[in-house]
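So the sequence shown is numbered by the working numbering: it starts at 6 and just counts up by one.
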Amino acid sequence: MQGSAIDHATVVSVLVGQIAPLGPKGVPSGFIKGPVAGPVCVTTLGLAGDQQADLKVHGGPEKAVYGYALSSYAVWRTEFPEHGTLWVPGGLGENLTIDGIDEETVHIGDVVRIGTATLQVTQPRQPCFKFALRFDDKRLPKAMTRNGRSGWYYRVVESGILAAGDRLDLLERPNPAWPMTRFNRLLSGGASSVEDMAELSVLPGLASAWQQTARDAVARAGSTP
């Protein structure tokens with residue numbers, strides 16, 4: 006496995022969920038997910054048995070599988086101990102809870118093998134209001150932007166079967182200069198240059214929507230007197 010920082014990464018939980026009412030107003034959501042025992046099929050549209058309610062912002066080929074670092078739950082328990090019983094695998098609505106990697110060691114474009122499936126990292130998660138609804142705490146979306154514990158999305162390059170206990174094998178790392186932490190700093194208002202945006206506009210593996218956003222930023226910069 007390339008990159009010693011993630012030599013021991015393992016899937017500790019595979020989770021799926023159905024659309025169900027969330028919060029006091031019963032907003033339809035697939036946020037709440039439960040663990041699956043045994044092998045699960047994963048295709049270009051995600052894990053078998055998993056659903057998303059708002060397909061404009063969730064799901065689809067470039068956000069087919071949501072991965073989250075097991076270690077981040079300890080950070081959340083420290084920052085918001087009042088929600089302690091919810092800071093467990095699946096609490097953030099992820100599909101894969103992974104031990105041994107986090108936003109510092111995951112890079113945009115990383116290609117990994119899990120079980121018999123091949124996945125590629127496309128972008129971080131951007132927290133929405135449903136995160137606040139799940140915990141009944143409006144502070145949490147901004148807290149995720151601040152602490153950078155966003156998790157990341159995968160596209161499925163090759164369909165296959167995966168399960169809890171599978172390890173992650175890093176097959177390719179096309180963008181060693183773009184760990185998730187760097188991308189998250191830009192999203193949280195960190196300084197960015199035209200050079201950054203130009204690089205992102207063609208960054209291998211980055212979700213096409215973000216590539217377009219970067220191209221638009223470069224175009225705006227070029228039109229500024």
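Beta carbons are placed, not taken as given, at the ideal position from N, Cα and C, and that holds for glycine. Small disclaimer: the values here were computed from a predicted structure and weren't measured.
Compute the distance between the beta-carbons of residue i and residue j, then report whether it is under 9 Å.
i    : j    : result
T127 : L211 : yes
Y78  : I103 : no
L188 : I113 : The residue you asked about is not Leu; residue 188 is Phe in the sequence shown. Cβ atoms of F188 and I113: closer than 9 Å.
P94  : L20  : yes
A169 : M202 : no
R124 : V41  : Note that residue 124 corresponds to Leu in the displayed sequence, not to Arg. Contact flag unset, no.
A222 : V199 : yes
Drop a sphere of 10 angstroms on the beta-carbon of residue i, count the other beta-carbons inside from all chains shown, and report buried for 16 or more, exposed for fewer.
i    : result
Q57  : buried
K61  : exposed
P184 : buried
E108 : buried
D55  : buried
G43  : exposed
Q7   : In this prediction, Q7 scores a pLDDT of 46, lower than 50, which makes its location untrustworthy; the coordinate-derived value is nonetheless stated afterwards. Exposed: under 16 other Cβ atoms inside 10 Å.
G96  : buried
V111 : buried
D141 : exposed
V207 : exposed
G156 : buried
R154 : buried
With which residues is residue i paired in a DSSP beta bridge?
i    : result
I166 : C46
V70  : Y159
E177 : V116
G31  : Paired residues: none, contrary to the question.
I103 : V16, A74
Q128 : Y158
V21  : G39
May I ask whether a heavy atom of the ligand NAD can be found less than 8 Å away from the beta carbon of residue i?
i    : result
L173 : With respect to the ligand NAD, the structure offers nothing, as it holds no ligand at all.
Write down the C-beta distance between residue i and residue j rounded to the nearest angstrom, noting that I regard them as a contact closer than 8 Å.
i    : j   : result
F36  : G98 : 4 Å
A148 : E84 : 7 Å
Contact between the segment 39-56 and the segment 161-169: three or more CB pairs below 8 Å?
yes
So, do the segment 23-43 and the segment 124-141 have three or more beta carbon pairs nearer to each other than 8 Å?
yes
Kindly confirm or deny that the segment 109-124 and the segment 170-184 touch, where touching means at least three C-beta pairs closer than 8 Å.
yes
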